[in-house]
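Taken in order, these protein sequences are the chains called F and A.
Each residue of the first sequence is one higher than the last, beginning at 4 in our numbering.
Each residue of the second sequence is one higher than the last, beginning at 125 in our numbering.
Everything on this sheet refers to the single structure shown next.
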Amino acid sequence: GAGVSQSPSNKVTEKGKDVELRCDPISGHTALYWYRQSLGQGLEFLIYFQGNSAPDKSGLPSDRFSAERTGGSVSTLTIQRTQQEDSAVYLCASSREQGLGQPQHFGDGTRLSIL
Amino acid sequence: RKEVEQDPGPFNVPEGATVAFNCTYSNSASQSFFWYRQDCRKEPKLLMSVYSSGNEDGRFTAQLNRASQYISLLIRDSKLSDSATYLCVVNKRWGAGSYQLTFGKGTKLSVIP
C-alpha cells in the first residue's frame with residue numbers, strides 16, 4: 004500500500020497475555036520507529052530500526068517489550084505478560100532513511116486495551 | 125527542563141483569526157525540526173519542516189530561532205479544519221550515526237465558528 008500499515012487496528016486482551024503488533028512500512032523506507040501514546044499524552048519513543056542494523060532499544064520501558072524487523076521491512080512489537088499500564092495506542096512510523104532531514108510517516112496505530 | 129516544551133493550550137480562536145504557537149527545545153545539538161498535526165484519535169501527520177531561514181506553506185509559517193532555541197508556527201486566516209493538536213518535533217544527532225526524534229506533547233487548537 005501507499006502508507007504505513009499497522010495491524011490489528013484494535014486489540015483487547017486480558018492482563019498477563021502476550022500481544023504482538025505488526026507494522027508494514029512504506030516500500031523503500033529503511034528507517035522504522037515504534038512509539039506509544041497514552042490517552043491525552045504525548046508520543047513516547049520506544050525503538051527504531053535502520054535497515055538491518057542493530058536497533059536502538061533505548062526507549063523500551065521494560066524487558067517485557069521487544070521488537071524485531073525481518074528482512075529490513077515488516078516489524079513486530081511484542082509485549083509479554085501485559086499489564087494495564089500498557090494500554091495505549093502503539094504507532095509505527097517509517098522514513099526514507101534515518102537522516103536528520105527525513106520526516107516520518109505514521110500508520111494509523113494499534114489501540115491496545117488491557118483488561 | 126524538558127527536551128521539547130509546548131504550551132498545551134487549548135487555544136480557542138474564531139475563524140479567520142491568526143494564531144501562533146511556540147515550542148522550546150533544550151538540546152543545542154538539535155539539528156532539524158518539524159511541525160506535525162494530530163487530529164483526535166488519529167495518527168500524527170507531517171505539517172511542515174522548519175528551516176533555518178523560515179518557511180511558509182500557504183497559511184502556515186514556521187520560524188526557527190537557534191539562539192533562543194525555539195520554533196514557532198503561525199497560522200493565518202484560521203479555518204475550522206485547522207482544529208487539531210500541533211506537535212513540535214525535534215530531531216538531533218545521538219551517538220555515532222544515530223538520530224533521535226523527540227515529540228512535544230502538543231498544543232491543542234480549537235477554531236470556533
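Idealized CB from N, CA, C, for every residue including glycine.
Values in this document were obtained by computation on a predicted structure and should not be read as measured data.
Does any residue of chain A bring its CB to less than 8 Å from the CB of residue i?
{"i": "Pro106 (chain F)", "result": "yes"}
{"i": "Leu198 (chain F)", "result": "Past the edges of chain F, shown from 4 to 118, lies residue 198 (chain F), and the structure says nothing about it."}
{"i": "Asp89 (chain F)", "result": "no"}
{"i": "Asp111 (chain F)", "result": "yes"}
{"i": "Gln86 (chain F)", "result": "no"}
{"i": "Gly74 (chain F)", "result": "no"}
{"i": "Leu94 (chain F)", "result": "yes"}
{"i": "Gly54 (chain F)", "result": "no"}
{"i": "Gly45 (chain F)", "result": "yes"}
For residue i, tell me which candidate among the options has the shortest Cα-Cα distance.
{"i": "Glu23 (chain F)", "options": "F:Gln9, F:Phe52, F:Glu88 and F:Gly74", "result": "F:Gln9"}
{"i": "Leu46 (chain F)", "options": "A:Ser234, A:Met172, A:Leu225 and A:Leu233", "result": "A:Leu225"}
{"i": "Leu94 (chain F)", "options": "F:Glu88, F:Asp27 and F:Ser65", "result": "F:Asp27"}
{"i": "Ser202 (chain A)", "options": "A:Cys164, A:Arg183, A:Val174 and A:Thr231", "result": "A:Arg183"}
{"i": "Gly6 (chain F)", "options": "F:Ile117, F:Gln107 and F:Arg114", "result": "F:Gln107"}
{"i": "Pro138 (chain A)", "options": "A:Pro168, A:Glu127, A:Glu129 and A:Asp206", "result": "A:Asp206"}
{"i": "Arg114 (chain F)", "options": "F:Arg72, F:Tyr38 and F:Pro58", "result": "F:Tyr38"}
{"i": "Ser30 (chain F)", "options": "F:Ala96, F:Pro58, F:Asp111 and F:Ala57", "result": "F:Ala96"}
{"i": "Ile82 (chain F)", "options": "F:Ser76, F:Arg72 and F:Asp66", "result": "F:Asp66"}
{"i": "Gly54 (chain F)", "options": "F:Gln44, F:Gly104, F:Pro64 and F:Arg72", "result": "F:Arg72"}
{"i": "Ser173 (chain A)", "options": "A:Asn136, A:Leu197 and A:Gly140", "result": "A:Leu197"}
Do residue j and residue i have their beta-carbon atoms positioned less than 8 Å apart in this structure?
{"i": "Arg99 (chain F)", "j": "His32 (chain F)", "result": "yes"}
{"i": "Thr209 (chain A)", "j": "Arg161 (chain A)", "result": "yes"}
{"i": "Pro134 (chain A)", "j": "Leu233 (chain A)", "result": "yes"}
{"i": "Asn151 (chain A)", "j": "Lys229 (chain A)", "result": "no"}
{"i": "Ile195 (chain A)", "j": "Val143 (chain A)", "result": "no"}
{"i": "Tyr149 (chain A)", "j": "Gln193 (chain A)", "result": "yes"}
{"i": "Leu35 (chain F)", "j": "Ser78 (chain F)", "result": "yes"}
{"i": "Leu170 (chain A)", "j": "Phe157 (chain A)", "result": "no"}
{"i": "Asn167 (chain A)", "j": "Gly110 (chain F)", "result": "Per the sequence presented here, residue 167 (chain A) reads as Glu, with Asn not at that position. Yes, the Cβ-Cβ distance between Glu167 (chain A) and Gly110 (chain F) is below 8 Å."}
Let me know if residue i comes out buried or exposed under the rule of 16 or more other beta-carbons within 10 Å of its beta-carbon.
{"i": "Cys147 (chain A)", "result": "buried"}
{"i": "Asp89 (chain F)", "result": "buried"}
{"i": "Val15 (chain F)", "result": "exposed"}
{"i": "Ile117 (chain F)", "result": "buried"}
{"i": "Glu180 (chain A)", "result": "exposed"}
{"i": "Leu42 (chain F)", "result": "exposed"}
{"i": "Ile236 (chain A)", "result": "exposed"}
{"i": "Pro11 (chain F)", "result": "exposed"}
{"i": "Gln40 (chain F)", "result": "buried"}
{"i": "Pro64 (chain F)", "result": "exposed"}
Taking only beta-carbon positions, decide if residue i is within less than 8 Å of chain F.
{"i": "Gly178 (chain A)", "result": "no"}
{"i": "Leu113 (chain A)", "result": "With chain A covering 125 to 237 only, the question about residue 113 (chain A) has no answer from this structure."}
{"i": "Pro134 (chain A)", "result": "no"}
{"i": "Ser207 (chain A)", "result": "no"}
{"i": "Pro168 (chain A)", "result": "yes"}
{"i": "Gly230 (chain A)", "result": "yes"}
{"i": "Ser156 (chain A)", "result": "yes"}
{"i": "Ser152 (chain A)", "result": "no"}
{"i": "Ser234 (chain A)", "result": "no"}
{"i": "Ser196 (chain A)", "result": "no"}
{"i": "Ser202 (chain A)", "result": "no"}
{"i": "Ser192 (chain A)", "result": "no"}
I want to check one thing, is the minimum distance from the CB of residue i to the heavy atoms of the ligand NAD below 7 Å?
{"i": "Gln155 (chain A)", "result": "The model depicted lacks the ligand NAD and carries no ligand whatsoever."}
Whose Cβ in chain D lies nearer than 9 Å to the Cβ of residue i?
{"i": "Phe48 (chain F)", "result": "Here the protein chains are F and A, and chain D is not one of them."}
Could you check how far apart the C-beta atoms of residue i and residue j are, in whole angstroms? I think they sit under 8 Å.
{"i": "Gly62 (chain F)", "j": "Phe48 (chain F)", "result": "4 Å"}
{"i": "Val92 (chain F)", "j": "Gly74 (chain F)", "result": "Not really, about 26 Å apart at Cβ, beyond 8 Å."}
{"i": "Ser154 (chain A)", "j": "Val214 (chain A)", "result": "5 Å"}
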